[in-house]
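The sequence shown maps to residues 3 to 292 in the working numbering.
Glycine residues also receive a C-beta, built at the ideal position from the N, C-alpha and C atoms.
What you are looking at is a predicted structure, and each value in this text was computed from that prediction instead of being measured.
Have a look at the structure below before the remarks.
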Amino acid sequence: MTHFPPQAPGSVLLVGAGPGDLGLLTVTGLRALERAEVIVADRLGARTVIDQLEQERGAALDAEIIDVGKQPGHHPVPQDEINAILVEQAKRGLRVVRLKGGDPFVFGRGGEEIAHVRAAGIDVHVVPGVTSANSVAALAGIPLTHRGVATSYTVATGHDQLSELGGGRDHTVVVLMGVGTLVHSAMVLARGERGSDCPVAIIEDGFGDRQRVTIGTLGTIAFHAARRGVRSPAIIVVGDVVTLSPYADGAFTSALDPAATHTAATNVAATHTAANHSAATHTAELTRNT
């Protein structure tokens, strides 16, 4: 028995697109896209999934696609206008899918959109998606919780009051949309129980063409990110769980990319020799395995 019956005409379905890989789109989400008459799509994750689906089908989707994608500091379609588009299209009697990157209810403003649509008297439902907070961390081999290492985690954005987060290094912090505020975030988190030597990982463009992992500490990560030109989209993982990643290990034993593994291990060894301390950054390239 499914809790997701076929979408009715004149309704809105908020669908989580996941982190930007068609394989991580739910079955219900896939069916919704194939039946939709209008798709209102975000930039991150959503647009990529549409492109991959159309490539796999060998044909374009039947739906009209309305691009409302946002970029850091640039929101060409304001949220109020997005809300209005959903209502307008549904009132035309169409099956409207609002395709949002990750999960609609994890820093996706899905709650605002569903409230607005309901207030207009329109039937609306939500199909959860795979959030980048755990999926991109998993891509780098970082569990958010681990027996004896971390028993809880918090997902925040770089714009949140990180100084109010409790817990020490056994409480993992995942920061979304945090590249622009990395320096400030690292300083704030280092002042608490975590300390400046707390491990940190930045995973750029998870599941994208330029996947990359940079690992350091709260005291060193801003420097290394600037040196390497780290840019959005990226997630930041803070806590001792980062040490469990193969990209944080001196051996760099990973089956993802032997060539990159060897290069990273060589670089790390050289850095340790030159710096003679354990705060060296261990970096490695992730390659797509799809």
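Annotation note: the segment 15 to 99 contains the following uninterrupted beta strand (DSSP E) runs of length 3 or greater, listed N- to C-terminal: 40 to 43, 66 to 69.
In its own chain, leaving out the 5 sequence neighbours on each side, no residue places its CB closer than 6 Å to the CB of G25. R214 sits in a strand when the DSSP states are folded into three classes. In the three-state DSSP reduction, S234 falls in the coil class, being neither helix nor strand.
Proximity of the segment 210 to 218 to the segment 82 to 101 falls short of the contact definition, fewer than three beta-carbon pairs being nearer than 8 Å. DSSP places I144 in no beta strand (DSSP E); its state is neither H nor E. A Cβ-Cβ distance of about 6 Å is found for the pair P21 and V138, placing them in contact under the 8 Å criterion.
With contacts defined as CB atoms closer than 9 Å, D44 and G12 fail to qualify as a contacting pair. In this structure G112 is in contact with L16, their Cβ atoms being roughly 5 Å apart against a cut-off of 8 Å. If you check the CB distance, D172 and V151 come in under 9 Å.
Contact fails between the segment 122 to 136 and the segment 190 to 198, because fewer than three Cβ pairs, one in each stretch, are under 8 Å apart. Pairing R49 with P106, the inter-Cα distance amounts to about 15 Å. The three-state reading of DSSP puts H127 in strand, counting E and B together. Going by beta carbons, I87 and I67 fall outside the 9 Å limit. Between G170 and G131, the alpha-carbon positions lie close to 29 Å from each other. Distance from the Cα of A224 is smallest, within the candidate group V244, I205, D242, L184, for L184.
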